[in-house]
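Read top to bottom, the protein sequences are chains A and B. For the first sequence, counting from 1, position 34 maps to 40 in the working numbering; every step adds exactly one. For the second sequence, counting from 1, position 282 maps to 1585 in the working numbering; every step adds exactly one. Taking it in order: structure first as structure tokens, then the write-up.
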Amino acid sequence: MVSLPTALDTRIIGSRDICWLSAGFLLASLPHLLRMPIWLSLLTVGIAGWRLLQLRMRSKPAAKWQMVLIAAAASVGILLQYRTLFGREAGVALLVVMLALKLLETRDQRDGMLLGFLGFFLLVTNFLHSQTIPTAAYMLGCAWLLVAGLIGMQYTGAWPGWRQPVRRAGVLMLQGVPLMLVLFLLFPRIPGPLWGLPQDAYAGLSGLSDNMSPGSLNSLILSDAVAFRATFNGKIPEPKDLYWRGPVLWDYDGKTWTAPRIVQSTNDLPDNGTQIEYTVTVEPHNKRWLFALEFPGLRPPRSIATRDMQLLSFTPVRNRIRYDMTSSIGTAYGADDDQSLLARNLRLPPDSNPRTSEFAQGLRKKFPNDRNLVAAVLAHLRNENFVYTLSPPLLGEQPVDEFLFETRRGFCEHYASAFTVLMRAAGIPARVVTGYLGGEVNPVGEYILVRQADAHAWVEIWLQNTGWVRVDPTAAVSPARVERGIASALPRTDVLPMFVRGDFALLQRMRLTLDSVTYTWNQWVLGYTPDRQRRFLSYIGFSEATWQTLAFVLIFCAGVAILIGTAFALRDLRGVREDAVKKTYRRFCRKLERRGLRRDAAEGPRVFAQRAARQHPELAAAVAEITALYIALRYGGESGAERMQAFKNRVRAFTA
Amino acid sequence: MLPAAGSPSLFGALKNGILEWMFQWRGPERGTIVLVQRRVFILPTRQGLLFAGVIVLMLIGSVNYDLSLGFILAFLLGATGIQSMLHTFRNLANLRISPGRVQPVFAGEQVQFQIRIANQARLHRYSIGITSDKKSAVYIEVPPDEEVTATVAIPAIRRGWQRPGRLTLFTFFPAGLFRAWSYADLDMHALVYPAPAAPGLAMPVAEAGSGDGGVRGQGHDEFSGLRPYRPGDSPRHIAWKAVARDDTLLTKQFSGRADAELWLAWETLPPAMDGEMRIAHLTRWVIEADRAGLPYGLRLPGLTLPIAAGAAQRSDCLRALALHGLAADRA
């Protein structure tokens, strides 16, 4: 490029800038440092410390071979630790160590700026682990710090102190906010991922699974994590109707219930019963289930409905997704299911739980009517001292027998499992349904918050001419579980996650407000997906727009945002505001001008006053007085409202 | 990059034409140059392009891992970068550049051009560089409503009038992502005296005063100093006391209008010597004569400066030598 002073764009930067960059780097990588293996964290902090020590001791910079050695050793270490260099975790670890080494090498502005830029990238990697409001605030702070560091490197003159660059960075970023908003809302979102994600990308997501064995729900019930939230268009239904249907488990091997591998899809969804409309926002759980109240009346986009009324997304739910739903509650479905299907729901492994089978056949003889039999079993559970607890005794080889006739202590999955086995043994088709029960009504945001702790298992049985109906044996034992949630159903001594118990009103209120804010954040910030963007665009009137139109809208809005930024930036180019002293003196000069006395540009006030006195001796006294006041106020370093007022009054009273 | 005069290639001529049109190079301008918006140019620096690359990487990462906050951070930093462009621009815009003082120097030295830069805005202008050769720069900062003077050193190559040429004012402030620059071709001149010749050829001897000297007397009344004896000095002026003391011949010098007249003349130099060489020798003699405090006159083809002494005489003579044979005006 011609005419650009390229040789002048880099300078050696001082220890002040290096310290600032080190601080920015360490703060940006702090969340990683706390997560990484300890040796990597120590290595990173050690390298940064070495650099600072070099500055302090004014010692020689690290030699090239030393850096190559450290880089190679760290790479090998990471390879051994993570078994790869390219996974998400390994990649981040490598980035952190390499940035520390870059810090060691940084001498001039060019390196310093590169380090700052890579620091920005490091901030983004933090979002792989957390995208909560506190994380966002922390990372924003780090970005601010880094921008201030970049600006700090640009001062060529006397150092103005750190407040200057920090303030300027804040101003720059604030002025960038309008453009940021436009880009966030309108920049075309491409659905990811662009390439295959490393296998560890979705580690650590919790949720229901496609099987249930004794104790498997237990870990969920102890989790505070949010499963989904639902906003109702009308009144929120009664707690007893809030059965959120998830995986349906058909097959039993004597211990574990599993969902069928092959599902049959259907378009025949129930539309009788009470219709409830609501919107669900599901947290990522890396499984395909979408949750709806029993029974779903429609199919969310990009999903199927199965014959057993599950909603399955085409792909595992790895992002927060949102869908509108209508449910029919208080109804049944599948009255016309054929015999082969029902036969599968009668199957029990041979020789398992013999006492239960015997008990069921005894009941069958007593109650030929299915409904009566069910009522009898529920009455048995209610009356025979069954206890609802999260810490049941361990069960052996015949778990249902042991549970029903010996321990009699368990929670939903024990009851559901035992009840289903009893029904099948008595010849009534039955299966286990898992999902969530209830949820917490958030009065602040007017929605229901369902946590993993609300996980539940119940049963559905098939009745002639009616179809599949829900039976919840847990309700027979512990009606409070259904009516008031899990916290009220358990004895005090059972351990429950903190957020599920609502002991203190203020605390409860605070966490509900907090969750409402989080909900809004999730909806509008984190949940702004390509889908959501489309909906936003159609909301502002571009429903079926071509990409040309969208590009035009984007460019137009970005242009407006940049103009706003320009207005802010160029505001300060205007002249210095004239102070009151100067302004008043000017007024005095104008008065004299009317008398034919024009002050020359090079004429000082004193000289001008003398000339004025010579030409108009009758004004001499007033002119001298005003000039003396002006000189005292402007050059004499004097101030004070009183004197200023006197000056103003004299000028006002002056008539030439 | 100055447009090379008489560039041989067509491409070079074309390039210069385009540059002249684009950057409005229009030769020296009189008075104050205001860096109005049309005169301030701006382009991203290499660091700026690198920054854009990192932003793109951040966006790709955000798409791939579906990180909404990644999008927000990338957009925020991108918008900050664009905003920094405006800040870089405004750091230079509307500055007022005017010529300051400049002292004459000898060829081979550096002319110290003083450039006055006034800031009438409310904005503190930080880190403004001024360069004439794109290799080295002076940096200044101009507080609001103030004027500062920057000194730009430019090598003085040959005698005569010298201009600072097209100066480039530039700034990377605040973020270093953009470079704003502007050109100022100030109508100011420095007088460059000829470079004095190396010592060797001795100064001419003072001649006897012509005519009027006798009337006013010999002017022997004021002793002004001693100088080494040169062949032809009157024996009456030899400082015999000094000879007795130091064993060196010294000639007494007397100030007095009617004393011998020292003429530094073009024609006394060897005929074989070329013009520039003669000027170089005359320059050295003027400096020596001035240092010795002697009155002297300068005779050049077509110009004679009468005998006098002192700073004014020195600068008159050096100026005459600097401009000898050149157009006297500052074209």
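Where is the CB? At the ideal position from N, CA and C, for every residue including glycine.
Counting C-beta pairs closer than 8 angstroms gives fewer than three between the segment 364-382 of chain A and the segment 178-187 of chain A, which falls short of the contact rule.
Rounded to the nearest whole angstrom, the C-alpha separation of histidine 1427/B and threonine 1454/B is 20 angstroms. Using a CB distance cut-off of 7 angstroms, aspartate 578/A counts as an interface residue toward chain B.
Leucine 32/A is a Cβ neighbour of alanine 54/A, given a cutoff of 7 angstroms. Taking the Cβ atoms as the reference, valine 102/A lies roughly 16 angstroms from methionine 1361/B, outside the contact range of under 8 angstroms. Taking a contact to require three or more Cβ pairs closer than 8 angstroms, the segment 1499-1509 of chain B and the segment 1469-1487 of chain B do not qualify as touching. Interface with chain A (7 angstroms Cβ-Cβ cutoff): phenylalanine 1481/B is excluded. Contact between the segment 239-249 of chain A and the segment 440-460 of chain A is present: three or more C-beta pairs spanning the two stretches fall below 8 angstroms. Taken atom to atom, the span from the alpha-carbon of arginine 377/A to that of valine 475/A is near 11 angstroms. With its beta carbon less than 7 angstroms from one in chain B, alanine 142/A belongs to the interface. Within the same chain, and ignoring the five residues on either side of alanine 1456/B in sequence, the residues whose Cβ sits closer than 6 angstroms to its Cβ are Gln1413, Gln1415.
Setting aside the 5 residues that flank it on each side, asparagine 391/A is surrounded in the same chain by Arg414, each with a C-beta closer than 7 angstroms to its C-beta; the list follows chain order. Linking tryptophan 527/A to valine 286/A through their CA atoms gives a straight-line distance of about 15 angstroms. Contact between aspartate 314/A and arginine 361/A does not hold, since the beta-carbon distance rounds to 29 angstroms and is not under 8 angstroms. The DSSP-derived three-state label of tyrosine 1429/B is strand. In this structure, glutamine 115/A keeps its C-beta atom at 7 angstroms or more from the C-beta atom of isoleucine 24/A. Contact annotation: in the segment 268-292 of chain A, no residue has its CB less than 8 angstroms from a CB in chain B.
Rounded to the nearest whole angstrom, the C-alpha separation of glutamine 270/A and proline 322/A is 18 angstroms.
Ranking Thr633/A, Leu107/A, Ala149/A by CA distance to the CA of glycine 125/A puts Ala149/A first.
Annotation for leucine 1529/B: Ala1542, Ala1545, Leu1553, Thr1554, Lys1555, Gln1556 place their beta carbon closer than 8 angstroms to its own, counting only its chain and skipping 5 residues before and after. In terms of Cβ geometry, isoleucine 1610/B and glycine 1600/B form a close pair [threshold 7 angstroms]. Ranked by Cα distance from arginine 1469/B, the first of Leu1489/B, Pro1407/B, Ile1358/B is Leu1489/B.
Only Leu1360, Met1361, Leu1362, Ile1363, Gly1364, Ser1365, Val1366, Asn1367, Tyr1368, Asp1369, Leu1370, Ser1371, Leu1372, Gly1373, Phe1374, Ile1375, Leu1376, Ala1377, Phe1378, Leu1379, Leu1380, Gly1381 from the segment 1359-1381 of chain B bring a Cβ to less than 9 angstroms from some Cβ of chain A. With its beta carbon at least 7 angstroms from every one in chain B, tyrosine 525/A lies outside the interface. Beta-bridge partners of glutamate 452/A (DSSP): none assigned. With 16 or more other Cβ atoms from the protein chains shown falling within 10 Å of its own Cβ, aspartate 460/A counts as buried.
With a minimum length of 4 residues, the unbroken runs of alpha helix (DSSP H) contained wholly in the segment 594-649 of chain A fall at 611-621, 626-640.
In this structure, leucine 520/A lies away from arginine 326/A, with their beta-carbon atoms at least 7 angstroms apart. With a contact defined as Cβ atoms closer than 8 angstroms, glutamate 1450/B and tyrosine 1429/B miss out at about 16 angstroms. With respect to chain A, the C-beta atom of valine 1357/B has a partner C-beta closer than 7 angstroms. Interface annotation for the segment 142-173 of chain A against chain B: Ala142, Met145, Ala149, Val153, Leu156, Ile157, Met159, Gln160, Tyr161, Thr162, Gly163, criterion Cβ-Cβ distance under 7 angstroms. Minimum Cα-Cα distance from phenylalanine 301/A among the listed residues Gly441/A, Ile570/A, Val153/A corresponds to Gly441/A. DSSP places tryptophan 474/A within a strand segment (E or B) once states are collapsed to three. The DSSP-derived three-state label of serine 522/A is helix. Of all residues in the segment 1401-1434 of chain B, only Gln1423, Ala1424, Arg1425, Leu1426, Tyr1429, Ser1430, Gly1432, Thr1434 place a beta-carbon less than 7 angstroms from a beta-carbon of chain A.
A distance below 7 angstroms separates the beta carbons of leucine 317/A and leucine 296/A.
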